[in-house]
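Have a look at the structure below, then the notes.
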Ligand SMILES: [Zn+2]
Ligand SMILES: [Zn+2]
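Numbering (the numbering used here), first residue to last: 2 to 289.
Have a look at this one:
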C-alpha cells in the first residue's frame with residue numbers, strides 16, 4: 002500500500018517533504034561539456050549552463066534543497082544565475098522556484114506552468130515561484146554567446162511541457178517527456194496524453210544525433226540510443242493496448258494477461274506494469 006501513499010508525492014511534489022528528510026539527499030553534479038552540467042538530487046534532473054554572462058538552470062527540484070542546489074551551482078561559476086527555466090509545472094521540478102524567484106532569478110516557462118501554479122491552492126500564494134516570462138509555443142534565450150532554444154510540446158507529460166535545447170553544446174533537456182530506463186508517468190489529469198507524449202518523443206528524436214547528451218526528467222543521463230529504446234517501448238505498449246481495447250478487453254483482463262510482462266525491466270517504484278497499462282487504458286479510452 003506504500004505505493005498508493007507515495008503516488009501523490011510524485012504527481013504534485015510535496016509540501017510534506019520536510020527539510021529534515023531532505024538533508025540526507027545527496028547532490029551529484031556531472032559535467033557534460035565545458036559549459037553544461039547535470040545535477041541529480043531528489044526530483045527532476047537539473048540542467049546547468051554556465052558562461053561569461055551568467056547561468057541558466059533548468060528546473061529546481063524541491064524547496065528544502067534550494068540553498069544546497071544554489072551552492073552547487075555557484076561552485077561551477079560565480080556569475081549570477083540569470084534564468085531558471087521550468088520543463089513543466091510539477092512540484093518535483095518547480096519546488097525551488099520560490100527561492101530562486103525571490104533572489105532575483107527570472108523564471109521562464111510555458112504559459113500553463115504559470116496558470117497551473119497560480120490555480121493550485123497549494124502553490125497559488127507563492128507568487129515569487131511563478132514564471133515571469135511565459136510563452137505559448139517557445140522562446141529563445143541569447144546568453145553566453147549562444148542561443149538556447151525553448152520549445153513547447155503539446156499535451157505530452159502535461160499541458161505545460163517544454164524541451165530546452167542547447168545546439169552548440171549538443172545537449173537537450175526533455176523534462177518528464179523522458180524517464181530514462183523507466184516507464185513514463187503521463188499526467189492525463191493535467192493535459193498529458195498518450196499520443197502527444199509519443200509525438201513529443203519522436204520530435205526529440207528528430208532533434209538529436211549520436212553525440213547528443215540528453216538530460217531526462219528522471220533516470221540517468223541518456224543518449225539517442227536510450228531515447229530510441231524508450232520510443233520503441235512506448236510503441237510496443239501502444240500497439241498492444243490499442244489491439245486489446247479493440248477486442249473489447251477490460252482493464253482487469255488486460256492486467257491479468259500481463260500484456261507488458263516482457264517489459265518488466267522498465268518497472269520502477271511509481272510506475273509498474275499495471276500502472277502503465279492503466280495509463281494507456283485511460284488515455285486511449287478517452288480518445289474514443
Ligand atoms: Zn518529475
Ligand atoms: Zn512531471
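Don't be surprised by glycine CBs; every beta carbon is placed ideally from N, CA and C.
- Across the set 265, 42, 209 and 115, the C-alpha of 209 shows the shortest separation from the C-alpha of residue 175.
- Boundaries around residue 37 are those of the beta strand (DSSP E), 37-41, since no alpha helix (DSSP H) includes it.
- Residues lining ligand 2 by the Cβ criterion, that is a Cβ closer than 5 Å to any of its heavy atoms, are 91 and 177 in chain order.
- Note on geometry: alpha-carbon atoms of residue 23 and residue 48 lie some 20 Å from one another.
- DSSP, reduced to helix, strand and coil, places residue 110 within a strand of the structure shown.
- For residue 38, the CB stays at least 7 Å from every heavy atom of ligand 1.
- Ranked by Cα distance from residue 250, the first of 233, 237 and 283 is 283.
- Annotation for residue 111 indicates a beta carbon at 7 Å or more from all heavy atoms of ligand 1.
- It is roughly 10 Å from the alpha-carbon of residue 216 to the alpha-carbon of residue 178.
- A distance criterion of 7 Å places the beta-carbon of residue 219 in contact range of ligand 1, judged by its closest non-hydrogen atom.
- The shortest C-alpha to C-alpha distance from residue 202 to any of 260, 154, 31 and 279 is the one to 154.
- For residue 130, same chain residues with a beta-carbon under 8 Å away, outside a window of 5 residues either side, are 95, 98, 99, 102, 108, 118 and 124 in chain order.
- Proximity to residue 227 across 263, 246 and 184 peaks at 184, based on C-alpha coordinates.
- Counting along the chain, residue 92 sits inside the alpha helix (DSSP H) bounded by residues 92-95.
- Put simply, the segment 58-77 does not touch the segment 135-144. Fewer than three CB pairs are less than 8 Å apart.
- For residue 42, the shortest separation between its Cβ and any heavy atom of ligand 1 does not lie below 7 Å.
- Note that the C-beta distance between residue 90 and residue 74 is not below 8 Å.
- The DSSP assignment places 195-208 as complete runs of the alpha helix (DSSP H) inside the segment 167-236, in order along the chain (cut-off: 4 residues).
- Only buried fits residue 157, as 16 or more other CB atoms lie within 10 angstroms of its CB.
- Contact annotation: residue 279 and residue 252 have beta-carbon atoms nearer than 8 Å.
- Where residue 22 is concerned, the enclosing alpha helix (DSSP H) starts and stops at 20-23.
- In chain order, 38, 49 and 51 place their CB closer than 7 Å to the CB of residue 77, counting only its own chain and leaving out the 5 sequence neighbours on each side.
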